[in-house]
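Asker:
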Amino acid sequence: MNVTLSQNFIQITVEEDNEFLHKALAYAQKYFSKSYRLSRTVLILDDGERFKKDYLVNWAYHAFGQDEKHQKIHRENASKQSVEDSLAEEPLADLKYLLDFTYLPIRIKIVSKNALIMRVKIALRLLNTKRVILQMDKANSVARRYIAHMFEDYYVGCDRSEIYLDSTKPYFWESIMNLISFKVIHNVILDFDYDSFTNRGGLGGLESSFLTDEERVLRSCYMTLECHYQDDFKHVKKNYLKLVKEYHPDNVFGQDEQVVQSYNDRFRKIQEAYEKIKRYLRAS
């Protein structure tokens, strides 16, 4: 849920079961002389008296906690200036800026519950001998900002849907494999294309020719638990307990079906990886 500015209108995006929506529609019906329902989910409000629109925008902005989100981004910008400077092209507009444009119509977009959930797939592509690209299948500022921070030790730059990394740093490939994992950030699911990473964007598997099938499976299990294959079992178990707590399906009970399924899959893979590592260490 948010308030955004486009060229032709201010948009308030809100879920259909949100309490704010019902109150806002009642306010609009009572005070706006011009309203146009373009579809079941889109309502355009306009009126010559801007104070009515000022009130509605102000109300929505604070009801959605957008003031806190905006402040958080500024704090992140200050603490990670070197990375975030490149990611500032899509900031959340602050309230003062939005109110400068209330001469425009207000568009209320009503979306189904959890329709704001977005899955972003990230694949690794080889650019040249010194650079690799983390390529998103769709542009998303939340995903781009998080990925750039996640890989900040190797970060070079980015555009709307690609992040560029320096692959010349020592132990780059080993480190990069330990960083990738399923993540849910705000309303975005980050889904890393594991095969493109293990294949190093087309260079071939890391040390693949020296590993048995069992060793490859085992290293994959360590990566699933966000561990290095040389970590001791105490560290593996600690990570396992942290991850099963974080990705337990009960944490997303009643949410979007795609999110629930993602958590179920991730939870199952975490358990399977832990059991395989435990069996292997007991047998060795």
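Residue numbers (this note's numbering): 1082 to 1365.
Glycine is no exception: its CB is placed at the ideal position from the N, C-alpha and C atoms.
To which residues of the same chain is LEU1362 closer than 7 Å at the C-beta, ignoring the five residues directly before and after it?
Answerer: PHE1314
Asker: Assign SER1248 to buried or exposed, taking buried as 16 or more other Cβ atoms, counted over all protein chains shown, within 10 Å of its Cβ.
Answerer: Buried, by the Cβ-count rule.
Asker: Within 10 angstroms of its Cβ, does VAL1298 collect 16 or more other Cβ (buried), or is it exposed?
Answerer: So VAL1298 counts as exposed.
Asker: In the DSSP assignment, what residue or residues form a beta bridge with GLU1366?
Answerer: The chain is shown only over 1082 to 1365; residue 1366 falls outside these bounds and no answer can be derived.
Asker: Could you compute how far the alpha carbon of ARG1118 sits from the alpha carbon of ILE1189?
Answerer: 9 Å
Asker: Count the other CB atoms within 10 Å of the CB of LEU1168; is the residue buried (16 or more) or exposed (fewer)?
Answerer: Summary for LEU1168: the model assigns pLDDT 42, below 50, so the residue's position carries little reliability, and this model does not support an answer.
Asker: Identify which residue in LYS1211, ASP1346, ASP1127 and LEU1208 has its Cα closest to the Cα of LEU1185.
Answerer: ASP1127
Asker: Check whether the stretch 1338-1353 touches the stretch 1202-1210, counting contact only when three or more Cβ pairs, one atom from each stretch, lie closer than 8 Å.
Answerer: Result no; under three Cβ-Cβ pairs closer than 8 Å.
Asker: Excluding the 5 residues flanking LYS1350 on each side, which residues of the same chain have their C-beta closer than 8 Å to its C-beta?
Answerer: THR1305
Asker: Leaving out five residues before and five after THR1183 in sequence, what residues of the same chain have Cβ atoms less than 8 Å from its Cβ?
Answerer: ILE1091, ARG1131, LYS1134, ASP1135 and VAL1138
Asker: Measuring CA to CA, which of TYR1245, ALA1107, HIS1103 and TYR1310 is closest to MET1231?
Answerer: Closest by alpha carbon: TYR1245.
Asker: Buried or exposed, going by whether 16 or more other CB atoms sit within 10 Å of the CB of ASN1221?
Answerer: Buried is the call here.
Asker: Is ASN1221 helix, strand or coil when you go by DSSP?
Answerer: Secondary structure at ASN1221: coil, using DSSP grouped into helix, strand and coil.
Asker: Can you say whether GLN1147 is buried or exposed, counting buried as having 16 or more other CB atoms within 10 angstroms of its CB?
Answerer: It is buried - the Cβ of GLN1147 has at least 16 other Cβ atoms within 10 Å.
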